[in-house]
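Take a look at the structure below.
Protein chains in written order, with this note's numbering: chain U, 1 to 186; chain P, 1001 to 1322; chain V, 2001 to 2733.
As structure tokens, this is what we get:
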């Protein structure tokens, strides 16, 4: 049974927004709404500066607050691969999941009214393809694969690099990992 | 730090704004009906029912409970984005979702409050029910008045707590994510219920009784609010940040500052007024002035409850982890 | 388009039943949409080429129900490698932009007031042919000039040549790559090409001089750039602004603008003085080393520190970093190179640096293009024409022409008058400096016809507008790629042209026919032409249709080896560190530094650049891209902003030295830029009302470029020579 995860190698991200647009087109996300975004932050004062580029999306948490807070079971964590998904026909649009998500990964689809989110392109995985954002990532900064397979790209990336998750203290156990620094863990 | 975010959703950036005055009103009215249910049960049970004797509130209060609840639920219904799917609430039980058990709780609370209203309807008034079946029900339920009062009381507590848990279950929103919040909301709901009861009760004994009750509840609220803020302040950075809208008196947080000031004024004044009301020698009948004072202090308590719901719903959405 | 294409857009209902379009068309739309949502309609994929920028990446276009729903990178294409950038992904935004030009239009009001009436193709084409023929009769064919960019060139340049005019102007030369290409040609005998033949993926050190890769989003180039990051390459980024690339750099050198040559010449001096250059390589392949060494002696790190504002120690350190890692050092020669008017010389100094490090023709440096090519097709020769004026008298002007030379001949009629412009695929108002002059020239014209997809500023000045369909709706010339290997790529329509728009080839052919030049278009459809070309070249057309790109095997010889010695097509047959050719024409044979004017107090040098989601001014109205970057901002140093009382997000206007004033533009108060310059993204401040989303959004950098420093060697217009003052505007952000 696969355990899907994404690793974002921030070193290789150039904030080109290819992922943002590819995701929108792949998933028919309405105008002005997004399932993934790119954060560009700079610290320091001229000329001693440090920049961080970070693409963010649904973390497909192992401890998903959005699922816990969904009153109708529309949001669920799929047993077989751990994807956090939505049964659209069940969603009442109460927005509990939006409030529950510490990553602000959800939005109310303006055209359909349900609380939409990234699905790791579940429909593409099914066809053996990578998620749209990964497939188009110019910097190969986004890596997708199966954590249970030690030879997968994600397993290797996590083995070989220091990595972290967003808001670890929230206890959500995200499945999107971030690599910032070079070199292997000690 | 310079921050540019490309691809943010307006609903969550720069901060969450998914819920507005509709949800605030729902929480307030839901709380009010829960508090009123508790107070109604007390009214009917206290002193073996003597407190209720001859008071119109004994009839109207139980009826107000489902009515206020209905209005409150209309507001939450207005907030749903896919109203036609609302039946899904009742095709599933989600044990970790407060909204799920809240909606099931409401499903119990509703009939209980209606049954209690029927049970407490005195014989002469039953003819207004018009439908013979209802009249028969009302007669039969008479016997279970005490049990129904207990149930009504229990459901009132449940719903009062629920309105707080609804918000406190979000790890993502530090202002809400406090165990004090449900208790605070319950206390606030009960004090609002008592205040409402003071306004609809006719007799001096009932009015003064609930004034006494309300003194303790408002006092409890006034202890709990600072404790809540203290708890947030001494917790994680995100929690500390989360209460800042209430204490940063600037242009951005204007309304939160005003809300805080109002609470600081309304609750103590109401408390003092109530204290004076209780200790005043009223004589046989309440004078119009005394009545007005009681209504004013009760309204202040209700306003306090509304301010708490409004400011917490909005300010909670400004708060975020990280 | 043709039948075979319509078949591609067939709908496949699940269960492998194929239903033809004709049948599908009879089904109610609602049912089709429903079927689509249920996943019953299987998408079809068409291989084609992107045209959102000039990188022309291979695309696999996914369509559903005859609608193009998604564009993906074609794995067979070397520029895409299966990936597309944000713009490529957003290509459907152009296809479905509601503001597209829908039918031919003929001007009814005064030039520039946007009054047009719809016309039939016949009427519009007849009018254009009639006007051009009249001008030819009265003034000669060379009085018609063509301004062009991108694939329309493949159709309209032959038309112009057949018509008898040599006067073509492509802003890609004098406003962009010209000086770079000339500088490298003078040094190595060839240019670096487009896509640039840089082996960045294998570099140990990469030097970017003002090049902001990442923001400058050229697909495979940025893929190589990030590959280098992944492999741990060290970056030396010279930029007055802390760009995305600078954010990745081991050394960010925030240079004083306009002093780049001082830095490069000092690097050269240090590398020579410390013996860090590749003696063997220089000995074998270069000439003029002694002259070079002598000419750069004076450029010491201490001198350069004063000039460039970069500490001498850092200049030394970076020079040594390059020297130690040679030859796997990539000195990026840049792309938009028209900065200060001495740009050929600056590129030459970069070329010399590459040569000293021995990186030209070496892994990690620059690689050689394939020698292979396709056999030429027989074609009717074009008529002889009078001497061209598009060279502007510059000794090394390229074949792409010097746009502003055509513009000034249009104004003053010398050496002969220019009476009509054909403008295809380029927005001159936003690409050539000094808009006043451009407008003056346009107002002198007898006739201006524009061919484009969108109603850009320049299009809305035309007398006749001919709506070209977007790249997803047309055939274009086969794209022959000469990178490491020889490749050929096909652009073919994914859907039929929308509205009344037509492919560029059709417009050119129809105009040609009406001008009596039909024999230059000896094919019925462009596909016929492509087919016969494929046949001639031995390329399987059906295969090409399916794959989009075919790479010809065994055509790569990228690096210098014993069996693959380098060929330098310079006069001496060697790398010319010292250029006799330049000396002959009266220029410095070895690049020398000249100090440029600096902004005075309260003035800031205006620099401009790109955004990863936009191409020039051509994408600002694209709904998919507009929402990511709807307007540009002006970067102002945080210290300066504090002095001025300027907060992030405040609106300002910029006024340049000649009094030109910009639109209100938001200030980005940032630590990421030097104090002596301001920066904005090029291409905003659209004046065409017909572009409803982009209209008046942001400020137009080109409007502030009223002054330009012309490179005497090639005619390039240095455009980073304008100084602006910042005025606070009292509009709430």
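Glycine included, C-beta positions come from ideal geometry on N, C-alpha and C.
Task: Span of the alpha helix (DSSP H) around residue 2251 of chain V - done: Counted from its first residue, the third chain places residue 2251 of chain V at position 251. Where residue 2251 of chain V is concerned, there is no enclosing alpha helix (DSSP H), although the beta strand (DSSP E) it sits in stretches over 2251-2253.
Task: CB of residue 1218 of chain P within 9 angstroms of CB of residue 1274 of chain P, strictly - done: One-based indexing of the second chain puts residue 1218 of chain P at position 218. One-based indexing of the second chain puts residue 1274 of chain P at position 274. It is a contact, given that the beta carbons lie within the stated cut-off.
Task: Interface partners of residue 1006 of chain P on chain V, CB under 8 angstroms - done: Within the second chain, residue 1006 of chain P is the residue found at index 6, counting from 1. Chain V residues near residue 1006 of chain P: 2628 and 2629.
Task: Terminal residues of the beta strand (DSSP E) in which residue 2467 of chain V lies - done: In the third chain, counting from the first residue as 1, residue 2467 of chain V sits at position 467. Where residue 2467 of chain V is concerned, the enclosing beta strand (DSSP E) stretches over 2464-2467.
TODO: Pick out whichever of V:2537, V:2540, V:2539 and V:2508 has its Cα sitting closest to the Cα of residue 2525 of chain V.
DONE: For the purposes of this step, residue 2525 of chain V is taken as residue 525 along the third chain, with counting starting at 1. The residue with the shortest Cα to Cα distance from residue 2525 of chain V is V:2508.
Open item on the list: Taking the straight line between their C-alpha atoms, what separation do you get for residue 5 of chain U and residue 146 of chain U?
Closed with: What you label residue 5 of chain U is simply residue 5 of the first chain in a count that begins at 1. What you label residue 146 of chain U is simply residue 146 of the first chain in a count that begins at 1. Going from the Cα of residue 5 of chain U to the Cα of residue 146 of chain U covers about 6 angstroms.
TODO: Identify the contact partners of residue 1173 of chain P in chain U, using a Cβ-Cβ distance below 9 angstroms as the criterion.
DONE: What you label residue 1173 of chain P is simply residue 173 of the second chain in a count that begins at 1. Under the 9 angstroms cutoff, chain U gives 99, 100 and 102.
Task: C-alpha distance - residue 67 of chain U paired with residue 2627 of chain V, whole-angstrom precision - done: Here the question's residue 67 of chain U lines up with position 67 in the first chain. Here the question's residue 2627 of chain V lines up with position 627 in the third chain. Taking C-alpha positions only, residue 67 of chain U is separated from residue 2627 of chain V by approximately 30 angstroms.
- [ ] Would you list the one or two residues that DSSP bridges to residue 2360 of chain V?
- [x] Start at 1 with the first residue of the third chain, and residue 2360 of chain V comes out as number 360. The partner list for residue 2360 of chain V (beta bridge, DSSP) reads V:2366.
Task: Distance, residue 1085 of chain P Cα to residue 1118 of chain P Cα - done: In the second chain, residue 1118 of chain P corresponds to position 118, counting from 1. In the second chain, residue 1085 of chain P corresponds to position 85, counting from 1. Approximately 32 angstroms between the Cα atoms of the pair.
- [ ] Output yes or no for whether 9 angstroms exceeds the beta carbon distance between residue 2483 of chain V and residue 2308 of chain V.
- [x] Position 483 of the third chain holds residue 2483 of chain V. Position 308 of the third chain holds residue 2308 of chain V. No, the Cβ-Cβ distance between residue 2483 of chain V and residue 2308 of chain V is not below 9 angstroms.
Open item on the list: Per the DSSP calculation, residue 2612 of chain V is bridged to which residue(s)?
Closed with: For the purposes of this step, residue 2612 of chain V is taken as residue 612 along the third chain, with counting starting at 1. Per DSSP, none; premise fails for residue 2612 of chain V.
Task: Cutoff 9 angstroms: residue 1002 of chain P Cβ touching any chain V Cβ - done: Position 2 of the second chain holds residue 1002 of chain P. Interface residue, yes.
Task: 9 angstroms Cβ cutoff met for residue 2226 of chain V and residue 2719 of chain V - done: Walking along the third chain from the start, residue 2226 of chain V turns up at place 226. Walking along the third chain from the start, residue 2719 of chain V turns up at place 719. The answer is no: Cβ separation not under 9 angstroms.
Task: Minimum Cβ-Cβ distance from residue 108 of chain U to chain P less than 9 angstroms - done: As a working note, residue 108 of chain U is residue 108 in the first chain. Chain P contact via Cβ: present.
- [ ] Return the Cβ separation of residue 75 of chain U and residue 86 of chain U in integer angstroms, given the expectation that the two are a contact with Cβ distance under 8 angstroms.
- [x] Indexing the first chain from 1 puts residue 75 of chain U at position 75. Indexing the first chain from 1 puts residue 86 of chain U at position 86. Their Cβ separation, rounded to whole angstroms, is 6 angstroms, which keeps residue 75 of chain U and residue 86 of chain U in contact under 8 angstroms.
Task: Other residues of its chain near residue 2282 of chain V: CB distance less than 6 angstroms, five sequence neighbours each side excluded - done: Numbered from its first residue, the third chain carries residue 2282 of chain V at position 282. 2289, listed in sequence order.
- [ ] Taking residue 2734 of chain V as the query, report the chain U residues whose CB atoms sit under 8 angstroms from its CB, ordered along the chain.
- [x] In this structure chain V extends from 2001 to 2733, so residue 2734 of chain V is not present and cannot be described.
- [ ] Kindly list the residues whose CB is nearer than 6 angstroms to the CB of residue 37 of chain U, restricted to its own chain and excluding five residues on each side of it in sequence; keep chain order.
- [x] Within the first chain, numbered from 1, the residue matching residue 37 of chain U stands at position 37. Same-chain partners within the cutoff: 56.
Open item on the list: Contact defined as beta carbons within less than 8 angstroms: I believe residue 139 of chain U pairs with residue 54 of chain U. What is the distance between those atoms, to the nearest angstrom?
Closed with: Along the first chain, read from residue 1 onward, the residue named residue 139 of chain U stands at position 139. Along the first chain, read from residue 1 onward, the residue named residue 54 of chain U stands at position 54. Going by Cβ atoms, the distance from residue 139 of chain U to residue 54 of chain U rounds to 13 angstroms, so no, they are not a contact pair.
Open item on the list: Buried or exposed for residue 1279 of chain P, going by 16 or more other Cβ atoms inside 10 Å?
Closed with: Along the second chain, one-based indexing puts residue 1279 of chain P at 279. Residue 1279 of chain P comes out exposed.
Open item on the list: Given a cut-off of 9 angstroms on the beta-carbon distance, is the pair residue 2428 of chain V and residue 2449 of chain V in contact?
Closed with: Numbered from 1 along the third chain, position 428 holds the residue referred to as residue 2428 of chain V. Numbered from 1 along the third chain, position 449 holds the residue referred to as residue 2449 of chain V. Not in contact: residue 2428 of chain V and residue 2449 of chain V (Cβ atoms no closer than 9 angstroms).
Task: Through-space distance from residue 1074 of chain P to residue 1315 of chain P, alpha-carbon basis - done: Reading the second chain from its first residue, position 315 is the one you call residue 1315 of chain P. Reading the second chain from its first residue, position 74 is the one you call residue 1074 of chain P. Rounded to the nearest angstrom, the two C-alpha atoms are 23 angstroms apart.
Open item on the list: Here's the rule: buried if 16 or more other CB atoms are within 10 angstroms of the residue's CB, otherwise exposed. What is residue 2537 of chain V?
Closed with: In the third chain, counting from the first residue as 1, residue 2537 of chain V sits at position 537. With 16 or more Cβ atoms within 10 Å of its Cβ, residue 2537 of chain V is classed as buried.
TODO: Can you have a look at residue 2687 of chain V and say buried or exposed, based on whether 16 or more other CB atoms are within 10 angstroms of its CB?
DONE: Locating residue 2687 of chain V in the third chain gives position 687, counting from the first residue. Burial call: buried.
Task: Residues, ordered as in the chain, of the stretch 2656-2679 of chain V that lie near chain P by beta-carbon distance below 8 angstroms - done: Here the close residues are 2670, 2671 and 2672.
Task: The alpha helix (DSSP H) enclosing residue 1296 of chain P, as first and last residue numbers - done: Position 296 of the second chain, counted from the first residue, corresponds to residue 1296 of chain P. That run of the alpha helix (DSSP H) goes 1288-1318.
Open item on the list: Please list the terminal residues of the continuous beta strand (DSSP E) segment that includes residue 2479 of chain V.
Closed with: For the purposes of this step, residue 2479 of chain V is taken as residue 479 along the third chain, with counting starting at 1. It spans 2479-2482 - the beta strand (DSSP E) in which residue 2479 of chain V sits, taken as one unbroken run.
Open item on the list: Going by the DSSP bridge assignment, what does residue 2633 of chain V pair with across the sheet?
Closed with: Taking the third chain and counting its residues from 1, one reaches residue 2633 of chain V at position 633. Partner(s): V:2666.
- [ ] Taking residue 1218 of chain P as the query, report the chain U residues whose CB atoms sit under 7 angstroms from its CB, ordered along the chain.
- [x] As a first step, residue 1218 of chain P must be located in the second chain, where it is residue number 218. The contacting residues do not exist; residue 1218 of chain P stays about 29 angstroms from chain U at best.
Task: Own chain, CB closer than 8 angstroms to residue 2367 of chain V, minus 5 neighbours either side, in chain order - done: Counting from one through the third chain, the residue named residue 2367 of chain V turns up at place 367. Exclusion of the five residues before and after residue 2367 of chain V leaves 2197, 2198, 2199, 2361, 2484, 2558 and 2559 as the residues of its chain whose Cβ lies within less than 8 angstroms of its Cβ.
- [ ] Anything in chain P within Cβ reach of residue 70 of chain U, meaning under 7 angstroms, just list it in chain order.
- [x] Walking along the first chain from the start, residue 70 of chain U turns up at place 70. Here the neighbours are 1094 and 1097.
- [ ] Output the boundary residues of the alpha helix (DSSP H) element that contains residue 136 of chain U.
- [x] Start at 1 with the first residue of the first chain, and residue 136 of chain U comes out as number 136. First-last of the alpha helix (DSSP H) with residue 136 of chain U: 132-136.
Task: Whole-angstrom C-beta distance between residue 2550 of chain V and residue 2636 of chain V, which should lie under 8 angstroms - done: Counting from 1 along the third chain, the entry for residue 2636 of chain V is found at position 636. Counting from 1 along the third chain, the entry for residue 2550 of chain V is found at position 550. The Cβ separation is near 50 angstroms, so there is no contact.
Open item on the list: For the pair the stretch 2663-2671 of chain V and the stretch 2585-2597 of chain V, tell me if three or more CB-CB distances fall below 8 angstroms.
Closed with: no
TODO: Starting from residue 76 of chain U, follow the beta strand (DSSP E) in both directions and report where the run begins and ends.
DONE: Taking the first chain and counting its residues from 1, the one referred to as residue 76 of chain U is at position 76. Unbroken beta strand (DSSP E) run through residue 76 of chain U: 75-77.
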